[in-house]
Amino acid sequence: MSDNKSIAGIVELDQRHVWHPFVQEQTAPPPLPVARAAGASLFLEDGREILDLASSWWVNVHGHCHPAIAQALGDQARTLEHVIFAGFTHAPAARLAEQLVNFLPAPLSRVFYSDNGSTAVEAALKMAFQSWRNQGERRRTLFLAFEGAYHGDTFGAMSVGRSSNFYAPFEDVLLKVRFTPFAETWLNADGDVDAGVETREAAALAELDAILERDGKRVAGFIAEPLVQGASGMRMCRPEFLRSVCERVAAQGIPVILDEVMTGFGRTGTLFAMEQAGVTPDLVCLSKGLTGGFLPLAATVASTKVYESFLGSDFGTAFAHGHSYTANPLGCAAALASLSLFTTEGTLERIGAIREANLRWLKAAARLPGICRPRALGSIVAVNLGLEADYHSSLGPKLKARFLELGLLVRPLGNVVYLMPPACITPEDLARAHQTVLQVLRESAPLYAPR
Ligand SMILES: *Cc1c(COP(=O)(O)O)cnc(C)c1O
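Quick note on this note's numbering: the sequence shown kicks off at 1 and runs consecutively.
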């Protein structure tokens, strides 16, 4: 722990020189300096402990500073820290590619490395697009995505997530995209699937059919967050719905891209969400949990068919895309260590236990006035404060500040309160978190459930 003077110094330096993401810098409260972290806890410079129920922006899987990953990183750093990945390879990249391919359904067979979720999405969009060009098809210049999608903040990724309203200033320069409805589902008072879901799904599929009828032949690729739309408010759909959508899209010959950046690596209870829907995409995007939350690394995994459409005798059909830190050995070593923890620590079983506890808690939470659309999947549990998810609700910052006072990192998406702890959280810590969140929902009810 640092003394008070140096803590103030950190914040002062930060305030003078750092530009933070996703905040209005003029009005945002000063950032909290974190000294260290372990398991599910962050320890602030002033000694306070904060329970990390956001898995540090959805990246952390097994807990902070997990010794097995730290060890693997240290060993790798003393062996090979980085090397150009054009014309060279190394054991961590080759082994990790083999493992990812083994975990994913055939025919996903080719791993293209990059650095973060947005670049994994950019690569997938460019692959889908260029694959058509390489086959002599030039009319397919549109993409298809779900309403409310979020796929990252670079231009291509913004384009396919435009309907989430983050990107108003860029509207004029984004790619052409058709958006199809996402049929949300949630639990009723008995903990069963809500009664209206089939009607919503049928309406959404009818709208998709109309889009495909009109523009299907012009679509280069369809991209979706499988089962859970993260940033637009942990909106969940039924596996059957995702499957029906993907089947209709695939029937038009349109490549399916599943963005598992948030859902991958156990978050939804299976290693990948696509397993529950029984969907095999042409391309899949992986990042956040790939290294267990230690380092930025991403992979776009392509089917054999997509890969082969880039083969030829000249450079013209090659995928001319790459990043300086592509397949960084430290990232790959962390990813290998993280993947083996799934076996040695029974990570998916732990996530199953978190889900059981979350479902019990949801029953209590759903009885509070104004709490709507309770839902849970894997280690994710969410409720809306008021009916519809609204990212721009002013409730978010107020609740976040109150949660922090009470020792929890809970970062509502507007009026959506969700928990997404790392798999290592103890039952005691989870129970404490559940209690505290109920308390905050109760005390803030006047803000969203008037009367
Ligand atoms: C976070 C996220 C991204 C973007 O990942 P970054 O690493 O932040 O660029 C893309 N897709 C989904 C579904 C995400 O949740």
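Where is the CB? At the ideal position from N, CA and C, for every residue including glycine.
Tell me which same chain residues have a C-beta within less than 8 Å of the C-beta of residue i, skipping the five on either side of it?
i	result
glutamine 135	Ser309
arginine 48	Gly407
threonine 436	Phe403, Leu406, Gly407 and Leu408
threonine 270	Gln276, Leu348 and Gly378
alanine 224	Ala145, Phe146, Ala149, Leu242, Val245, Cys246, Val256, Ile257, Leu258 and Asp259
valine 7	The sequence shown places isoleucine at residue 7, not valine. Around isoleucine 7: Pro33, Glu45 and Asp46.
lysine 126	Gly156, Phe319 and His321
leucine 100	Val111, Leu286, Ala299 and Val301
Which residues in the same chain as residue i place their Cβ atom closer than 6 Å to its Cβ, once the five residues preceding and following it in sequence are excluded?
i	result
tryptophan 361	His434
phenylalanine 241	Ala183 and Glu201
alanine 327	Phe85, Ala93 and Tyr113
aspartate 153	Ser118
aspartate 282	Pro255, Val256, Ser303 and Val306
methionine 274	Pro226 and Leu258
alanine 204	Pro181 and Ala183
serine 131	Val306 and Ser309
Can you tell me whether residue i is buried or exposed? The criterion is at least 16 other CB atoms within 10 Å of its CB, across all chains shown.
i	result
proline 4	Checking the sequence, you will find asparagine at residue 4 rather than proline. Asparagine 4 should be labelled exposed.
alanine 202	exposed
serine 287	buried
glutamate 12	exposed
glycine 221	buried
valine 173	exposed
cysteine 65	exposed
leucine 387	exposed
methionine 1	Caution applies to methionine 1, whose pLDDT of 47 falls short of 50 and renders its modelled position unreliable; the value that the coordinates give is listed next. Flag for methionine 1 reads exposed.
proline 329	buried
Identify the continuous beta strand (DSSP E) that holds residue i and give its terminal residues.
i	result
arginine 375	371-377
aspartate 259	256-259
valine 381	380-385
isoleucine 223	219-224
phenylalanine 182	No beta strand (DSSP E) contains phenylalanine 182, which DSSP labels as neither H nor E.
Over the uninterrupted alpha helix (DSSP H) stretch that includes residue i, give me the two end residues.
i	result
cysteine 332	329-344
valine 249	239-251
tyrosine 307	304-308
Of the choices the options, whose alpha-carbon is the least far from that of residue i?
i	options	result
methionine 403	Gly378, Asp390, Arg442 and Leu377	At residue 403 the sequence reads phenylalanine, which differs from the methionine that was named. The residue with the shortest Cα to Cα distance from phenylalanine 403 is Arg442.
valine 18	Ser6, Pro31 and Ile7	Pro31
lysine 400	Phe103, Val417 and Thr89	Val417
glutamate 184	Val249, Ala149 and Leu53	Ala149
leucine 53	Ser444, Pro450 and Arg432	Arg432
valine 193	Leu175, Leu359 and Gln26	Leu359
alanine 123	Arg350, Arg355, Val61 and Val301	Val301
proline 107	Ala318, Val284, Pro296 and Gly370	Val284
valine 228	Val23, His20, Met420 and Ile425	Met420
histidine 62	Pro450, Val440 and Pro422	Pro422
leucine 452	Arg411, Leu336 and Ala376	Limits of the chain in this structure are 1 at one end and 451 at the other, which puts residue 452 out of reach.
Please list, in chain order, all residues of the same chain as residue i whose beta carbon is under 7 Å from its beta carbon, the five residues on each side excluded.
i	result
alanine 353	none
aspartate 429	Ala40 and Leu51
histidine 392	Gly414
arginine 373	Trp186, Val383 and Asn384
threonine 291	Leu297, Gly331, Ala334, Ala335 and Ser338
cysteine 237	Phe182, Ala183, Glu184, Thr185 and Leu227
leucine 462	This structure gives no information on residue 462, because the portion of the chain shown stretches from 1 to 451.
alanine 445	Leu368, Pro369 and Gly370
glutamate 81	Pro329 and Leu330
alanine 189	Ala366
Within 9 Å of any Cβ in chain C, is that where the Cβ of residue i sits?
i	result
aspartate 52	Note that chain C does not occur in the displayed structure, where there is just one protein chain.
At a threshold of 8 Å, does residue i count as lining ligand 3 (C-beta to nearest heavy atom)?
i	result
proline 296	Questions concerning ligand 3 fall outside what the structure shown contains, since the ligands it does hold are ligand 1.
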